[in-house]
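**Q**
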Amino acid sequence: MAGRQLFMTFPVTETSHSLAEYRARGGYTALEKALRQMKPAEIVKEVTAAGLQGRGGAAFAVGRKWQVIQYDDGQPHYLIANADEGEPGTFKDRWILENSPHQLVESMIIASYALNVRNAFVYIRGEFDLPYHRLAGAVEEAYAAGYLGERILGTDFSLDLVVYRGAGAYVAGEASGLIASLEGKKSFPRNRPPRLTVKGLYQLPTVVNNVESLSNVAWIVAHGAAEYKKYGTPKSPGTRLYSVSGHINKPGVYEVELGYPWMKFLEEDCGGMRHARAIKCVVPGGVSSKVLTGADIKDLKLSHEDLWDAGSTLGSGGMIVIAEGTCMVTLLQVILRFYHHESCGQCTPCRHGTGWMHRIIDRIVAGHGQPDDIDRLYYISKFNDGTTICGLGDAAGYACTGILDKFRDEFEYYIEHKRSRLDGNLECLKSS
Amino acid sequence: MPEIFINGQAIQARDDQTVMQVALENGIFVPYFCWHPQLSTAGNCRMCLVEVEGRGLDIACNMPVSAGMKVFTDSDDVKAHRKAILQFITLNHPVDCGICDKAGECTLQDYHYAYNGEASLSHDEKVKSTKFYNLSNRILLDNERCILCLRCTRFTHEISKSMALGIERRGDVSNIRPVEDRPLSEDPYSDNIIDLCPVGALLSRQFLHKSRVWYLKPTPSICPGCSRGCTINIWHRKPEWFLKSLDQRQNTSIARITPLENPAVNGPWICNKGRDLSRIFERVRADEPMLKGRPVSVAAALDEARRIISAARHPLALISNWGSNEELDAFKQHLGEVFHSFVKHDWQAAEGERLEDDLLIRADKNPNTAKARELFHEGAPAYHDGTDVVLIWGEGYDFARIPPRAKVIFLNSYLAPENGHANVFIPISIQTERRGRYTNFQGVVSAFEPCFPKKDTVTDAEALFKALAAPARGHP
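Here it is in structure tokens:
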């Protein structure tokens with residue numbers, strides 16, 4: 001199996017998410033340690049020293065975000081766990097919320113203690129049903145056990161945790177869009193500056209962290225930064241949860257250390273490709289990251305630095321494995337339909353660009369492609385890159401150019417012949 | 433005082449400024465749609481992208497200045513991106529300038545010629561949306577023309593505070609829509625969003641398809657609707673475009689009224705009442721002098737008035753607070769010694785009209801009460817048994833309150849039953865026919881200019897007072 005793990009250390013059963021079993025696994029000892037033995041600044045220092053990177057997609061160092069918060073600036077601070085897991089192909093936070101919600105709750109209490117937070121929030125996507133109920137149950141249990149509320153564990157520290165359900169907008173997963181939504185507004189991302197750590201929720205300093213990033217905190221506090229750094233690679237410490245889907249034998253959520261060999265992961269952990277077909281390409285971390293071909297990933301390790309070198313990113317850990325024989329034109333159609341549907345419509349380039357890309361790819365698939373359509377897709381992607389408030393416009397462009405760069409010939413064939421070069425191939429190969 | 437460089441030019445900026453503000457202050461134009469000096473920064477149109485050395489492109493409207501930053505507003509990269517932004521904006525914009533009221537003063541049209549000038553790159557159909565959406569009894573919305581700069585929603589949230597507008601749906605099918613239970617028709621400032629709209633999405637029902645804007649010219653004026661005295665532009669037909677046939681009344685009627693920006697008084701806004709001044713100024717005019725309802729010449733009416741005044745023992749005057757500073761001064765100078773004078777309030781708030789608020793609207797619905805008060809008595813006219821002549825200047829006074837034996841000299845501009853009851857009736861000019869100044873409640877003096885010529889039988893009050901003070905020539 002995948003070696004050392006921080007999350008998947010217990011067999012998942014009907015009751016393994018409960019407080020009793022979490023405590024039996026050593027849960028909430030980190031909280032005791034933090035509240036009784038550590039100063040808030042020490043926790044921030046420890047998390048910074050651990051080199052924990054954000055697991056939501058951008059891999060921004062959690063410690064650096066935390067350090068911006070001035071503990072004693074006299075203002076209220078907020079902590080928000082971003083559980084609006086909407087990146088296509090990503091469902092790893094769901095595993096934590098369903099099976100180990102107390103790990104998130106405990107980590108959030110520790111983080112709130114470190115950042116002088118009195119009110120913390122979990123913004124969970126509306127489509128999550130079981131995860132919501134498991135998390136809400138965990139919060140309830142934590143209140144009953146005195147881990148939340150007034151004077152936690154008899155100390156002076158008090159914290160209230162609110163679980164807020166979103167209404168299902170992808171763009172609400174962007175931190176400032178999330179905050180707008182939490183404030184009851186349309187989830188329009190905000191311009192920076194000011195940064196959210198300066199003016200976030202209700203114009204006050206706010207830390208927004210991904211569920212998986214936050215959930216690491218309890219472990220780091222319990223075992224120390226030095227121990228944490230033994231996992232993973234020097235530049236990307238720790239483990240990561242990957243949600244693997246596509247033409248693979250055992251799709252699901254896996255936890256492996258950063259720096260784990262990619263092919264080994266797919267072949268051994270995930271059971272290899274379905275019907276032993278060759279890998280055509282892999283979407284490494286949600287469709288917003290650029291695709292890599294089977295040849296690209298051959299010698300790569302699953303770490304941020306390796307993926308960046310290869311021109312892509314580990315992103316959100318939503319890995320989609322695509323077998324040889326898949327039509328990339330129709331794949332891109334699905335992806336661009338998603339971005340068109342989810343663009344919030346705030347910035348001009350993304351509002352019109354995503355729709356434009358979608359209409360172009362729809363037309364190509366319908367057999368009415370024009371020779372300059374590919375150039376047009378590049379044009380739209382280029383002028384969406386870096387010109388919008390949030391990254392949705394950029395991401396649509398990356399997804400598009402990522403596929404076009406590697407599979408341009410397929411698009412040219414489709415436009416010329418008004419049909420896919422690969423139609424039917426996937427089914428043919430199934431029987432072989 | 434950080435020093436920044438825009439296109440190589442060293443500029444002293446203030447700490448709290450954005451690059452946009454610094455550039456505009458120093459005469460460097462950065463194109464924008466959504467930004468507005470009076471509204472919060474939305475930063476969604478992306479038109480004001482500029483290049484900062486070492487940091488790439490970002491929007492100028494949300495970029496705080498930092499010492500030594502080198503900004504380029506016209507680099508090749510910036511130009512390419514501007515061009516692309518205009519491609520995106522016009523992607524679903526119906527290029528129906530030929531039938532759009534905004535054509536000629538449309539920001540998008542100007543920018544297209546200045547920064548893009550190319551045909552659309554798209555092979556696909558435009559996204560269809562609602563035309564002529566009924567936003568209120570005053571405003572229509574064309575969602576296809578809308579570029580979603582959100583100036584209008586920000587205006588209703590931040591300035592008029594009616595919160596009447598929001599956005600429905602998302603992406604390229606999102607639409608500006610009224611918010612339930614907050615009707616825009618109840619927002620007395622709603623029409624400002626028509627001016628704010630950088631394209632022809634928000635249309636005035638009053639002005640809809642009335643005229644192309646290039647046939648019109650603005651004349652600076654003052655709204656007489658309340659004591660705020662907002663400065664306005666009265667738009668009317670340019671003489672060189674006068675109609676020679678068809679409906680010639682258009683040549684001398686108000687086409688529309690827009691705010692004239694004035695930081696001292698109203699900023700860039702006016703209320704809807706100020707847009708409806710044609711309802712005040714374009715009522716049926718009284719244009720013939722009369723003696724007890726019998727039409728006479730101006731000279732005959734003047735003579736009779738002089739005779740009455742010179743024979744009076746206790747004459748009393750009711751002074752119009754719609755008179756300009758010059759007219760009030762003229763009355764004081766020429767007739768102040770003759771008459772016992774009181775300020776009269778010509779207009780009262782109408783039924784259902786907003787009385788007062790924090791933004792512009794004042795409870796006193798007359799333009800020049802401040803100046804009138806300065807010169808004349810405030811309060812009810814002190815009639816007594818000996819009052820034998822009453823001069824009434826302007827409308828809004830109930831003739832039943834005049835002592836029955838007193839003779840009445842009435843100066844009015846509009847047709848009214850009282851005109852024929854006065855011993856002497858002399859028609860006077862209205863604000864759009866003369867030059868003058870008003871003093872608002874804060875003491876700020878603004879000026880208005882004539883838009884239209886007056887008839888020969890109509891007299892300017894200022895000249896009239898001088899003429900009345902001349903000795904009577906004796907009755908023929």
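Chains as they are written, first to last, in our numbering: chain A, 1 to 432; chain B, 433 to 908.
The C-beta atom is built at its ideal place from N, Cα and C for all residues, glycine as well.
Please classify D447 (chain B): is it buried, with 16 or more other beta-carbons within 10 angstroms of its beta-carbon, or exposed?
**A** Exposed is the call here.
**Q** Does N476 (chain B) have its Cβ less than 7 angstroms from a Cβ in chain A?
**A** Interface residue, yes.
**Q** Could you spell out the range, first to last residue, of the alpha helix (DSSP H) harbouring D394 (chain A)?
**A** Its alpha helix (DSSP H) spans residues L392 to H417.
**Q** Whole angstroms is fine: what's the gap from S685 (chain B)'s alpha carbon to E714 (chain B)'s?
**A** Going by the C-alpha atoms only, they are around 8 angstroms apart.
**Q** Would you list, in sequence order, the uninterrupted alpha helix (DSSP H) runs of no fewer than 4 residues that lie entirely inside the segment 276-352 of chain A?
**A** As far as the segment 276-352 of chain A is concerned, its whole alpha helix (DSSP H) runs of at least 4 residues are 294-297, 304-309 and 328-342.
**Q** With three or more C-beta pairs closer than 8 angstroms as the rule, is the segment 342-349 of chain A touching the segment 467-487 of chain B?
**A** Yes, they touch.
**Q** What's the call for L823 (chain B), buried or exposed, on a 16-neighbour Cβ count within 10 Å?
**A** Result: buried.
**Q** Closer than 7 angstroms by beta-carbon distance: list the chain B residues that pair up with F60 (chain A), in chain order.
**A** What F60 (chain A) touches in chain B: nothing, since even the nearest Cβ is about 18 angstroms away.
**Q** Quick check on DSSP: helix, strand or coil for N494 (chain B)?
**A** It is helical.
**Q** Across the segment 849-861 of chain B and the segment 822-841 of chain B, are there enough close Cβ pairs to call them in contact, namely three or more that are closer than 8 angstroms?
**A** Touching, yes, given that three or more Cβ pairs across the two stretches are closer than 8 angstroms.
**Q** Rounded to whole angstroms, what is the Cα-Cα separation between Y254 (chain A) and P131 (chain A)?
**A** Spanning the two alpha carbons is a distance of roughly 17 angstroms.
**Q** Please confirm if D627 (chain B) has its CB atom under 7 angstroms from at least one CB of chain A.
**A** It does not; no Cβ of chain A falls within 7 angstroms.
**Q** CA-CA distance, S752 (chain B) and C658 (chain B)?
**A** Distance between the alpha carbons of S752 (chain B) and C658 (chain B) is about 14 angstroms.
**Q** For the segment 500-530 of chain B, which residues have a CB atom closer than 7 angstroms to at least one CB atom of chain C, in sequence order?
**A** Within the model displayed, chain C is absent; protein chains A and B are what it includes.
**Q** Rounded to whole angstroms, what is the Cα-Cα separation between Y28 (chain A) and N119 (chain A)?
**A** About 19 angstroms.
**Q** Could you spell out where the alpha helix (DSSP H) holding Y22 (chain A) opens and where it closes?
**A** It spans L19 to A24 - the alpha helix (DSSP H) in which Y22 (chain A) sits, taken as one unbroken run.
**Q** Going along chain B, which residues have a C-beta under 7 angstroms from P193 (chain A)?
**A** Here the neighbours are P496.
**Q** Can you give, in chain order, each stretch of the alpha helix (DSSP H) that sits fully within the segment 661-742 of chain B and has at least 4 residues?
**A** Qualifying alpha helix (DSSP H) stretches, in chain order: 704-707 and 710-713.
**Q** Using a Cβ cut-off of 8 angstroms, pull out every chain A residue sitting near I599 (chain B), in sequence order please.
**A** Correct list: K186 and G345.
**Q** Is P234 (chain A) buried or exposed, if buried means 16 or more other CB atoms sit within 10 Å of its CB?
**A** By the 10 Å Cβ count, P234 (chain A) comes out exposed.
**Q** Does the segment 164-174 of chain A come close enough to the segment 72-88 of chain A that 3 or more CB-CB pairs lie under 8 angstroms?
**A** With a cut-off of 8 angstroms, the segment 164-174 of chain A and the segment 72-88 of chain A count as touching, because enough Cβ pairs lie within range.
**Q** Taking just the CA atoms, how far does F774 (chain B) sit from A812 (chain B)?
**A** Taking the straight line from one Cα to the other gives about 7 angstroms.
**Q** When you compare the CB positions of G315 (chain A) and N210 (chain A), do they come within less than 7 angstroms of one another, or not?
**A** In this structure, N210 (chain A) does not lie closer than 7 angstroms to G315 (chain A) by Cβ.
**Q** Mind listing which residues of the segment 790-818 of chain B have their C-beta closer than 9 angstroms to chain A's C-betas, in chain order?
**A** Those would be none; no residue qualifies.
**Q** Are the beta-carbon atoms of L6 (chain A) and T155 (chain A) separated by less than 7 angstroms?
**A** Not a contact, by the Cβ cut-off of 7 angstroms.
**Q** Quick check on Q780 (chain B): buried or exposed, where buried means 16 or more other Cβ atoms within 10 Å of its Cβ?
**A** So Q780 (chain B) ends up on the exposed side.
**Q** Rank B:P615, B:E600 and B:S617 by C-alpha distance to the C-alpha of R609 (chain B) and give the top, closest one.
**A** When only C-alpha atoms are compared, the closest one is B:E600.
**Q** Between the beta-carbon of L523 (chain B) and the beta-carbon of L573 (chain B), is there less than 7 angstroms?
**A** No, the pair does not count as a contact, with Cβ atoms beyond the cut-off.
**Q** Under 7 angstroms Cβ-Cβ, which residues of chain B neighbour Q370 (chain A)?
**A** Residues of chain B passing the Cβ test: H555.
**Q** Name the residue from B:I521, B:P526, B:V482 and B:V497 whose alpha carbon lies nearest to the alpha carbon of S507 (chain B).
**A** It is B:V482.
**Q** Grouping DSSP H, G and I as helix and E and B as strand, with all else coil, what is I793 (chain B)?
**A** Reduced to three states, the DSSP call for I793 (chain B) is coil.
**Q** Using a Cβ-Cβ cutoff of less than 6 angstroms, which residues in the same chain neighbour S187 (chain A) once the five nearest sequence positions on both sides are dropped?
**A** Answer for S187 (chain A): A169, V171, A172, G177, A180 and S181, listed in chain order.
**Q** Looking at the C-beta of R586 (chain B), does it have a partner C-beta in chain A at a distance below 7 angstroms?
**A** Answer no: the Cβ-Cβ gap between R586 (chain B) and chain A never drops below 7 angstroms.
**Q** How about G603 (chain B): is its C-beta nearer than 7 angstroms to some C-beta of chain A?
**A** So yes, G603 (chain B) belongs to the interface.
**Q** Just verifying my parser: in three-state terms, what is the DSSP assignment at F398 (chain B)?
**A** Because chain B spans 433 through 908 in this model, residue 398 (chain B) falls outside it and cannot be assessed.
**Q** Is F880 (chain B) close to chain A? Criterion is C-beta to C-beta, closer than 7 angstroms.
**A** Not an interface residue.
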